[in-house]
Amino acid sequence: MIKTVPTKPFTDQKPGTSGLRKKVPEFQTPRYLENFIQSIFDSLEGFQGKTLVVGGDGRYYNREAIQFVAKIAAANGFGRIVIGKGGILSTPAASALIRHIGAFGGIILSASHNPGGPEGDFGVKYNIGAGGPAPEKITDAIFARTKTIDAYKISDAPDIDIDRLGTATLEGAAVEIVDPVTQYLSLMKTLFDFDAIRALIASGFRMRFDAMHAVTGPYAHAIFEGELGAEAGTVVNGTPLPDFGGHHPDPNLTYAHDLYELMMSPSAPDFGAASDGDGDRNLIIGRGIYVAPSDSLAILAANATLAPGYAKGLAGVARSMPTSAAVDHVAEKLGIRAYETPTGWKFFGNLLDAGLATLCGEESAGTGSDHIREKDGVWAVLLWLNILAKRRKSVLDLVHEHWRTYGRNYYTRHDFDEVDLSAAQALVAALREATATLPGKTFGALTVEAADDFAYHDPVDGSDSKNQGVRIMFKGGSRIVYRLSGTGTVGATLRVYIERYEPPGGDLGQETQAALKDLITLSRSLAEIEKRTGRTKPSVIA
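For the sequence shown, position 273 (counting from the first letter as 1) is numbered 273 according to this note's numbering, and the numbering increases by one without interruption.
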């Protein structure tokens, strides 16, 4: 039986760049999740009888939330609901599945790389039929509806058994429980030379993949140890846990420090990698060398044609504005266009749909291609392995060769987490005002060439996005970027991006923080970070 339940609006359900993210107890508040899911469906048209994909990263409250989503979806008229077994479906696998079966859209339950557990983070994101995150016109409509909603519809049927493969019926809708890995693995086999990677591994090549007790564990076991023949134990922390084993599932040098220590040790394998909570980010480390995400994107672009799925070449590349310009140098040499977009994968979606770009990436460890409409951690690892299988060079040699060819963009990101929101907003407002007077000023050996608050005109749909981050650009290619992130759940995260370009033939072997020391110092004083926020050092250095 379908029930119509009276409700009242919540005032804080505005989706960010990756859906609505809050602490678990907030989502557990009666009617909170139900209101938001109903608001999504109330903002869509034409889904009657259509297919909805549902899954998540296995974090705390994932299984309970899936029951609510399925019952509300069936009550609102979806004809088919496809759910990953056990509620597991990585964000890239969900995008691939939406596209493969021609679904109307999908709901992904994840807070990405944020911590899990009873007091941790939870998130809900709607993806459209193309497989990517909902554009702003849809998320704006969802938010508007959350402010006026007065009822939601839900089935009172018993819970679905999401742990058994097969099909059931819910209020006339077919509910299919599918293996979360099967379709994704089939797609990967069309893109990469699995035989070449198997041969590389059979030759004695060793790797370590840290799934961080997050969603990619089942994918990594099936692909790296199963299909490709890596030895048992190659995948560590491979069982998804509701609290990610008490760890922070963000694949950076702070939270994947054990992997970094291994890769810098005398007993290091040839290749190390990790992925995040929902499987869309990646960390790449070779024996004796960490590969920064911006460099990884550039190296993948320079070598992509070695993989069957990209053998015909790249239509173009795209990066988020805060991401270093390393891939721009590759694009210039390849004679293709490099696009600079705001942060948020949805901005890449238009470029991919229009065939203007093939590879995309963000400095926050997200890379992907036109195979789906999300970033994809396991895909990035497979492309690296395909390149290594063909080039038969170490990661360190490959990176050094790249720098000698294209130059090196020394680059770092300093995060100041959970800053008081009003203080963070005032800091950015002051910087925004200063952009008019900064050009021409000198700070030691640095001269400001230009300053602005980044704005983007979408070449596909003609939309404009303003206030995307304050950029201070110096003569010679250095820059500092300030941006408030929308991915946290408490206060604000101030992200400061610092970059300096060293051309081929220059000093390419410096330690990154040392190479950027003057810019790092200037970034603190220009923004008055300590004075305005009380912070004397960043929470995370990436």
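C-beta atoms are modelled at their ideal positions from N, C-alpha and C, and glycine is treated no differently.
Under DSSP, Leu109 forms a beta bridge with Gly56 and Val124. Rounded to the nearest whole angstrom, the C-alpha separation of Tyr61 and Arg432 is 40 Å. Rounded to whole angstroms, Ile83 and Gly55 show a C-alpha spacing of 6 Å.
Assignment of Met263 by DSSP, reduced to helix, strand and coil, places it in the helix class.
For Gln48, the number of other beta carbons within 10 angstroms of its own is below 16, and it is reported as exposed. Relative to Lys85, the option among Glu363, Phe104, Phe78 and Val178 whose CA is nearest is Val178. In the three-state reduction of the DSSP assignment, Phe47 falls in the coil class, being assigned neither a helical nor a strand state. Cα atoms of Gly131 and Ser294: separation of roughly 24 Å, rounded to the nearest angstrom. Excluding its 5 nearest sequence neighbours in each direction, Thr254 has C-beta neighbours in its own chain below 7 Å: Val540, listed in chain order. The beta carbon of Gly129 is closer than 6 Å to those of Phe104 and Gly105 in its chain, skipping five residues each way along the sequence. Here Phe192 carries a coil assignment [DSSP, helix/strand/coil]. The residue among Ser478, Met188, Ala173 and Asp150 with its C-alpha nearest the C-alpha of Ser523 is Ser478. The beta strand (DSSP E) runs lying completely inside the segment 260 to 318 and spanning 3 residues or more are 271 to 275, 282 to 286 and 289 to 291, given in chain order. Taken atom to atom, the span from the alpha-carbon of Leu300 to that of Arg483 is near 26 Å. With fewer than 16 other Cβ atoms inside 10 Å of its own Cβ, Gly440 counts as exposed. Assigned with DSSP and collapsed to three states, Glu227 falls in helix. With distances taken between CA atoms, Ser485 lies nearest to Gln425 out of Asp150, Gln425, Thr169 and Arg373. Cβ-Cβ separation between Ala304 and Phe192: approximately 11 Å, too far for a contact (criterion under 8 Å). The continuous alpha helix (DSSP H) containing Ile40 extends over residues Tyr32 to Asp42.
For a cut-off of 8 Å, the C-beta gap from Val175 to Ile81 is around 5 Å, short enough to register as a contact. A contact is defined here as three or more CB-CB pairs under 8 Å, and the segment 112 to 121 meets this definition with respect to the segment 57 to 73.
Straight across, the Cα-Cα distance linking Glu227 with Glu171 is about 39 Å. Annotation for Ala426: the continuous alpha helix (DSSP H) segment containing it runs Leu421 to Ala434.
Arg208 and Leu283 do not touch by the CB rule: their CB atoms are close to 11 Å apart, not below 8 Å. Within the segment 474 to 537, the runs of alpha helix (DSSP H) at least 4 residues long that lie entirely inside it are, in chain order, 512 to 515, 517 to 527 and 529 to 533. Sequence-distant partners of Asn35 (beyond 5 residues in either direction) whose C-beta falls short of 8 Å from its own C-beta, in its chain, are Thr7, Pro9, Phe10, Gln13, Thr146, Ile149 and Tyr152.
Under DSSP, Tyr410 shares a beta bridge with Arg500.
Residue range Val24 to Gln28 is occupied by the alpha helix (DSSP H) that includes Phe27. Closest in alpha carbon position to Asn409, among Asp420, Thr437 and Gly509, is Gly509. Note that the C-beta distance between Arg281 and Lys189 is not below 8 Å. Per DSSP, reduced to three states, the secondary structure at Leu185 is helical. By the CB criterion at 8 Å, Gly217 and Pro240 fall inside the cutoff. Around the beta carbon of Met1, fewer than 16 other beta carbons lie within 10 angstroms, which makes this residue exposed. It is roughly 18 Å from the alpha-carbon of Asp243 to the alpha-carbon of Asn252. Between the alpha carbons of Ser525 and Gly444 lies a distance of about 13 Å. At the C-beta level, Ala338 and Val317 come within 8 Å of one another.
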